[in-house]
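Novice: The structure follows.
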Amino acid sequence: MSPSLLWFRRDLRVADHPALAMAAENGPVLAVFVLDPTLVSTSGRPRASALRDALLALDEAIGHRLCVVRGDPATEIPRLAEAIGAGTVVVSADHGPYGTRRDAAVERTLAEAGRGFVRVGSPYAVTPGRVLTANGTPYKVFTPFRRAWYEHGWPAPADTGSESAEWLDPAEIALPEHRPDTDRPLRDLLRSTLGTGDSPLEVCESAASAQWADFLEHGLPGYADDRDRPDLDATSRLGAQLKFGTIHPRTILADLAALGPTTGLGTGLAESRDAFASELAWREFYADVLHHYPSTAGGNVDVRWDRFPWVSGDHADEAFAAWRDGRTGYPIVDAGMRQLLAEGWMHNRLRMVVASFLTKDLRVHWRRGARHFMDHLVDGDLASNQHGWQWTAGTGTDAAPYFRVFNPVTQGKRFDPEGDYVRRWVPELRGIAGAAVHTPREGGHGDYPAPIVDHAEARREALALYDSVIRGA
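Numbering (the numbering used here), first residue to last: 764 to 1236.
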């Protein structure tokens, strides 16, 4: 028997971990995480803080045996594999554009030394690329993808835990050359690399399990009715846990299935279970699209929209700054943007509302908004973020989304009917009672600004431009 190296990435847990099960089959295991400068440099502060805390929790879970190094994985992983005499490096597959290139580089370097690189599982219930049309092509529309995704199915959760492996102590590894990072206490290393700030959300395996258990019992029954209400705490807020893999969607889906046959659940709970599973399917759909079309991380899914006349220059910069800072004069938009800055999170309904406002009312390119979200969201996930923005902007996967323009006033009145959410995040408006808080004021309200754009006029202009692109297709 020989040791294996288990390289953690977006799977920072020990439960339901197929790669861990395989790594432990052949002998002791070295658990490794690489602080890759390419990824660290693109992680916003809230996400970097969450990563730090998740790594510290993982280290504790495996008896303080997590080996963390800084550098290029194509150098560090082969170095560590050589140091312990590992014949195999085991990972959960990464299907993102950068992760795919990175893993290919690591695999080539390992192969030159006669070592294996084995991908087992992924961060998804169904690995991207597995669900295809009858013609063997990728899906570009969600609803048929979801149907095929359900039909494909997924395996039961893997039976793993911290005791599943004999963990090697990184302090006892004789590295080929002196590595100062390995001599530093892990907390100090992570703080120097990922920052010392507090994470807006507790991201770790124990928190994820408790969060899911609480939602399953108390939040799921009302989810179908209340999930679009930002004034209510009616969503699971598991996005960050799924992002870092502190819980696997397969675990969640297994628990949903364990509730029993739909006929015995009652209408409300059955609808809620379906609605929640559908949200997981959206996440997997966007990962599948990015896997097949990696250029859509920054380019339009529908290339017709490459011709759309987004605004630019000083006007675009000023509009973007007002949107970014929550000073547009539209209360529901400003409340959402302020929550994002304060908590590193925003309700999904409001993500669509503020994205529509930036791209269609202000006609600022969706990429600027997507980048801002990735800078501040703890749950910032490349596939979900970029394609969610494109869905709203009209450049993405929906069959005919370009004419959908969210009205920020009616959205506010419908989904924050008493105005409680707006008053929570826009203190300048706390003196306005009820739904009246959602009506923008031409002259502003005290320190609160007047609307920076007339929504009805902006909508007409945007639709005319979208139509001109369609006619010219």
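Backbone N, C-alpha and C define an ideal beta-carbon position, used for all residues, glycine too.
Using a Cβ-Cβ cut-off of 6 Å (strictly less than) and excluding sequence neighbours within five positions of residue 849, which residues of its own chain qualify?
Specialist: Cβ neighbours of residue 849 beyond the five flanking positions: 766, 767, 768.
Novice: Using CA coordinates, which residue listed in 1103, 1077, 1078, 1079 is at the minimum distance from residue 1089?
Specialist: Nearest of 1103, 1077, 1078, 1079 to residue 1089, Cα basis: 1103.
Novice: If you draw a straight line from the alpha carbon of residue 1063 to that of residue 1152, how long is it in whole angstroms?
Specialist: Taking the straight line from one Cα to the other gives about 10 Å.
Novice: For the structure I just gave you, are there three or more beta carbon pairs, one from the segment 1106 to 1119 and one from the segment 1127 to 1145, closer than 8 Å?
Specialist: Short answer: they touch.
Novice: Starting from residue 1048 and walking both ways along the alpha helix (DSSP H), at which residues does that stretch end?
Specialist: Note, residue 1048: alpha helix (DSSP H), 1030 to 1055.
Novice: So what does DSSP say about residue 930, is it helix, strand or coil?
Specialist: If DSSP states are grouped into helix, strand and coil, residue 930 belongs with the strands.
Novice: Nearest CA to the CA of residue 1210: which residue from 772, 1092, 798, 969?
Specialist: Minimum Cα distance to residue 1210 is reached at 1092.
Novice: Taking the alpha-carbon positions, what's the residue 943 to residue 950 distance?
Specialist: With a pLDDT of 49 at residue 943, under the threshold of 50, the modelled position of this residue cannot be trusted, and the question is left open.
Novice: According to DSSP, which residues form a beta bridge with residue 1211?
Specialist: According to DSSP, residue 1211 bridges with 1208.
Novice: Between which two residues does the beta strand (DSSP E) harbouring residue 1298 extend?
Specialist: Absent from the structure is residue 1298, since the part of the chain shown begins at 764 and ends at 1236.
Novice: Are residue 1053 and residue 983 close, meaning C-beta to C-beta below 8 Å?
Specialist: In this structure, residue 983 does not lie closer than 8 Å to residue 1053 by Cβ.
Novice: Could you tell me which residues DSSP puts in a beta bridge with residue 879?
Specialist: Paired residues: 851.
Novice: Under three-state DSSP, which class holds residue 832?
Specialist: Residue state, collapsed to three classes: strand.
Novice: Taking three-plus beta-carbon pairs below 8 Å as touching, is the segment 973 to 990 in contact with the segment 1035 to 1049?
Specialist: Yes: the two stretches touch, three or more of their Cβ pairs being nearer than 8 Å.
Novice: Once DSSP output is grouped into helix, strand and coil, what is the label at residue 1231?
Specialist: Residue state, collapsed to three classes: helix.
Novice: Classify residue 919: buried if its beta carbon has 16 or more other beta carbons within 10 angstroms, exposed otherwise.
Specialist: That one is exposed.
Novice: Would DSSP call residue 1073 helix, strand or coil?
Specialist: Note: residue 1073 maps to coil in three-state DSSP.
Novice: The alpha helix (DSSP H) spanning residue 812 covers which residue range?
Specialist: That run of the alpha helix (DSSP H) goes 808 to 824.
Novice: Grab the span of the alpha helix (DSSP H) containing residue 1145 for me, first residue to last.
Specialist: Element bounds for residue 1145: 1145 to 1156.
Novice: Taking its Cβ as the centre, do 16 or more other Cβ atoms sit within 10 Å of residue 828, making it buried, or is it exposed?
Specialist: Per the 10 Å Cβ criterion, buried.
Novice: Do the CB positions of residue 1160 and residue 904 come within less than 8 Å of each other?
Specialist: In this structure, residue 904 lies closer than 8 Å to residue 1160 by Cβ.
Novice: Output needed for residue 870: all residues of its chain with C-beta closer than 6 Å, excluding positions within five of it in sequence on either side, in chain order.
Specialist: 880, listed in sequence order.
Novice: Which value, in whole angstroms, describes the spacing of the CA atoms of residue 774 and residue 978?
Specialist: Going from the Cα of residue 774 to the Cα of residue 978 covers about 21 Å.
Novice: Which stretch, first to last residue, makes up the alpha helix (DSSP H) that contains residue 770?
Specialist: Careful: residue 770 lies outside any alpha helix (DSSP H), inside the beta strand (DSSP E) at 767 to 770.
Novice: Under a Cβ-count criterion, where at least 16 other Cβ atoms within 10 Å of its own Cβ denotes burial, should residue 764 be classed as buried or exposed?
Specialist: Exposed: under 16 other Cβ atoms inside 10 Å.
Novice: Once you ignore the five residues that flank residue 825 on each side, which residues in its own chain have a CB closer than 7 Å to its CB?
Specialist: Closer than 7 Å at the Cβ level, and outside the excluded window around residue 825, lie 777, 794, 925, 930.
Novice: For residue 1179 and residue 1193, I'd like the C-alpha separation in whole angstroms.
Specialist: Each residue's alpha carbon lies about 14 Å from the other.
Novice: For the candidate residues 1065, 1075, 1002, whose alpha-carbon lies nearest to that of residue 1042?
Specialist: Nearest of 1065, 1075, 1002 to residue 1042, Cα basis: 1002.
Novice: Measuring only from the beta carbon, is residue 1186 closer than 7 Å to any heavy atom that is part of the ligand HEM?
Specialist: Because no ligand of any kind appears in the structure shown, any question about the ligand HEM cannot be addressed here.
Novice: Please go through the same chain and pick out, in chain order, the residues whose beta-carbon is closer than 7 Å to the beta-carbon of residue 886, but skip the five residues on each side of it.
Specialist: So the qualifying residues of the chain are 773, 774, 855, 1008.
Novice: Rounding to the nearest angstrom, what Cα-Cα distance links residue 1201 and residue 964 in this structure?
Specialist: Spanning the two alpha carbons is a distance of roughly 28 Å.
Novice: Just the C-alpha distance for residue 936 and residue 847, rounded to the nearest angstrom, thanks.
Specialist: C-alpha separation (whole angstroms): 7 Å.
Novice: Is residue 1170 helix, strand or coil by DSSP?
Specialist: Note: residue 1170 maps to coil in three-state DSSP.
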